[in-house]
Amino acid sequence: MTFQYLTDEALREVQRAAIDLGFATDKALESLSAGISPRFVGMYLDGGTPIGTLVSFTNRMNQTRALGSGEVPLLKWLHNAITMAAEQPEQRVFQRALEIASVDGAAAHTELPSAAAGPMDVQALPGSDGALEVVVDADDTLDVGFLHRGAQVSRSVAKLVVRRHFDGVPAERGGRPDIGVGTGWVIAPGLLITNHHVIAARQVTEARAAPGDFALQGGSVEVQFDFYHADSAVHVVRSSGCVAFDEGLDYAVLRLTEGAAPRAPLCLRPTHLHKPNSTALRERVNVLQHPDGGPMRLGFRDNFVVTGDESVLTYLTDTSGGSSGSPICDDRWSVAALHRGFRTIPSGPVTVWGKAIHQENYGTPIGRVLQHLAAHHPAVHEEVVAGQKPAIPSPAAPVLVPTGSHT
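Read in order, the letters of the sequence shown are residues 1 to 407 in the UniProt record's numbering.
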C-alpha cells in the first residue's frame with residue numbers, strides 16, 4: 001500500500017483550494033515551495049502546465065513521508081499555503097490538512113484526552129484586540145537571567161529521530177531509513193521523556209504500531225542534543241528502551257544508553273498552572289522545540305495560557321506543528337506540561353496585538369504524568385523524584401499572584 005498523508009479526497013480538496021486561490025502560476029508555485037529542499041523541488045516541480053505541475057507536485061509530496069534530513073515537504077508546503085491564503089475561506093482547507101498530516105495535530109489522533117475532546121477553550125475568547133482582555137503588568141520585562149537559564153535548559157532538550165519498524169523489520173523509503181521526528185527532554189539522570197505518539201511514529205492513515213514494533217522503536221531512538229542550527233556539532237546518544245508509557249496521557253519515558261554524557265534534568269513545576277478560562281490572558285509559557293525536526297526554536301512571545309488546571313494546559317501559539325514532546329515551561333523555566341498537540345481554531349484566528357493566532361496548543365500537566373508513574377511504574381517514579389534534587393535549579397523569584405488576585 002502506497003504511503004500517503006492525506007486521503008485522495010482530502011488531497012483533491014487541497015488542490016482545488018490552491019487552484020481557486022490562483023496558486024497555479026509559476027511565481028506562486030515557487031513561493032509555495034519556499035523552504036523545501038531545492039533538490040526535491042527541482043526533481044518534481046519542473047515541467048508541464050502550472051495546474052498540472054501543482055497537482056503532480058502535491059501528489060508527490062503527499063506520498064513522501066520524509067526526506068533523508070527528516071524534513072517533510074508537505075508540511076512546509078501547507079504552512080506556506082496557509083500564509084499565502086491570507087484569511088481567505090480556502091485557508092481553512094490548508095489548516096485542516098496540516099492538522100491531519102502533522103503527527104501532533106489533533107486530527108491525527110483517533111483518541112483525544114477528554115479535555116481536548118470537548119469544546120475548545122479558545123472558542124470562548126473574543127476574536128479581536130478590541131474585545132480580547134490581555135493583562136500586561138506595569139513592568140513586563142524579565143531579569144536577564146531568564147535568557148541565561150533558558151540557554152542552560154536548552155542543553156537538556158533534544159531532537160529525536162525514531163526508526164520506524166513494521167512486523168519487526170526496520171523500514172526504508174527510497175533507499176533511506178524511514179523515520180519519525182520529535183522533541184524530548186531529560187526528566188531524570190539517564191531518562192528522557194517525550195510523547196507516546198512520537199515513539200509510535202504512525203500517521204492517521206496507518207494502523208497503530210504493534211507492541212513489538214513500539215518496543216523496537218523505543219529501544220533505538222537517536223537523541224540529538226545541541227542541535228541549534230543546521231551546521232551544529234550535535235551530541236548524539238541512543239535510547240536503550242522505553243521504561244514507562246501511557247497512550248492516554250501521551251507520554252513515554254526512555255532510558256538512555258549507559259555512558260551517555262550527563263545532561264541535567266529539567267526542574268518540574270510542583271503545582272499545576274492555574275488559569276480559569278473566564279479570566280484575562282496573563283500567564284505565558286515558554287516552549288523549547290524542534291519543529292518538523294529542524295533546529296531548536298524557542299516560542300515565548302504570544303504564548304498566553306488560555307486554560308490551566310490539573311488535567312490539561314492549553315495555550316495560544318503561532319508556532320508550527322511537529323514539536324511533539326516539548327517541555328512547556330513557566331517563566332522560572334520549570335516544566336509545567338508535556339506538549340502533545342495542536343488544534344486549528346475553528347471559529348477563525350484570535351488576534352493578539354495585531355497578530356493572528358491560528359492554533360491552540362495543549363499539553364499534559366507534568367503532575368498527571370508523575371501520578372501515573374507513581375501508580376504504574378513506581379521504580380521509574382522514584383528515579384524521577386530522586387533526580388529532581390540535582391536538577392537545574394529554579395531561580396529565586398517572587399511568588400506568582402493568581403490571575404484576578406490583588407496584593
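For each residue, glycine too, the CB sits at the ideal point set by N, CA and C.
{"Asked": "Distance, W333 Cα to F57 Cα", "Found": "42 Å"}
{"Asked": "Inter-residue spacing [alpha-carbon to alpha-carbon] between A107 and L249", "Found": "For A107, the pLDDT reaches just 49, beneath the cut-off of 50, and the residue's location in the model is therefore unreliable, although a value from the coordinates is still provided. Going by the C-alpha atoms only, they are around 16 Å apart."}
{"Asked": "Residue ranges of each beta strand (DSSP E) within the segment 219-307, 3 or longer", "Found": "222-225, 235-246, 251-256, 286-289 and 297-299"}
{"Asked": "Neighbourhood of T307 by C-beta distance below 8 Å, restricted to the same chain and skipping five residues each side", "Found": "D121, K275, P276, N277, L313 and T314"}
{"Asked": "Complete runs of the beta strand (DSSP E) confined to the segment 149-212 [at least 3 residues]", "Found": "157-163, 179-188 and 191-194"}
{"Asked": "Distance between G294 and G70 (C-alpha atoms, nearest Å)", "Found": "8 Å"}
{"Asked": "Start and end residues, beta strand (DSSP E) containing R343", "Found": "V335 to T344"}
{"Asked": "Other residues of its chain near L256: CB distance less than 8 Å, five sequence neighbours each side excluded", "Found": "G190, L191, L192, V223, V237, R238, S239 and S240"}
{"Asked": "Sub-8 Å separation of L338 and V369 beta-carbons", "Found": "yes"}
{"Asked": "With 16 other Cβ atoms within 10 Å as the buried cut-off, status of K389", "Found": "exposed"}
{"Asked": "For Q4, three-class secondary structure by DSSP", "Found": "coil"}
{"Asked": "R60 beta carbon near the ligand MG (any heavy atom closer than 7 Å)", "Found": "Inclusion of the ligand MG in the displayed structure is not the case, the ligand content being empty and no account of it being possible."}
{"Asked": "D178 to R263 span [Cα, whole Å]", "Found": "28 Å"}
{"Asked": "Neighbour-count burial assignment, H148, 16 or more Cβ in a 10 Å radius", "Found": "exposed"}
{"Asked": "Member of V253, G145 and Q152 whose CA lies at the smallest distance from the CA of T183", "Found": "V253"}
{"Asked": "Distance between G367 and P270 (C-alpha atoms, nearest Å)", "Found": "7 Å"}
{"Asked": "Segment limits, beta strand (DSSP E) that includes residue 416", "Found": "There is simply no residue 416 to check, as the chain begins at 1 and stops at 407 in what is shown."}
{"Asked": "Close beta carbons around M61, own chain, < 7 Å, minus the five adjacent residues each side", "Found": "P73, L74 and W77"}
{"Asked": "Three-way DSSP call (helix, strand, coil) for T58 in this model", "Found": "helix"}
{"Asked": "R164 versus A201 - alpha carbon distance", "Found": "7 Å"}
{"Asked": "Proximal residues to D20 (C-beta, below 8 Å), its chain only, five neighbours per side dropped", "Found": "E90"}
{"Asked": "Proximal residues to N80 (C-beta, below 8 Å), its chain only, five neighbours per side dropped", "Found": "S31, L32, S33, A34 and G35"}
{"Asked": "Host alpha helix (DSSP H) of P73 (start-end)", "Found": "P73 to A85"}
{"Asked": "Beta-bridge pairing of Y44 - partner residues as DSSP gives them", "Found": "Answer is none; Y44 lacks a bridge partner."}
{"Asked": "Pick from G212, D292, Y228 and V335 that is closest to L273, judged by C-alpha positions", "Found": "V335"}
{"Asked": "Three-state secondary structure (DSSP) of P378", "Found": "helix"}
{"Asked": "Three-state secondary structure (DSSP) of P327", "Found": "strand"}
{"Asked": "Burial state of A188, where buried means 16 or more other Cβ atoms lie within 10 Å", "Found": "buried"}
{"Asked": "Residues bridged to L316 [DSSP beta-bridge criterion]", "Found": "E360"}
{"Asked": "Euclidean distance between Cα positions of R284 and A85", "Found": "29 Å"}
{"Asked": "7 Å CB neighbourhood of F40 in its chain, flanking five on each side removed", "Found": "L67 and P73"}
{"Asked": "V312 at chain C interface by Cβ criterion, 8 Å", "Found": "Judged by its chain identifiers, the structure shown contains no chain C, having just a single protein chain."}
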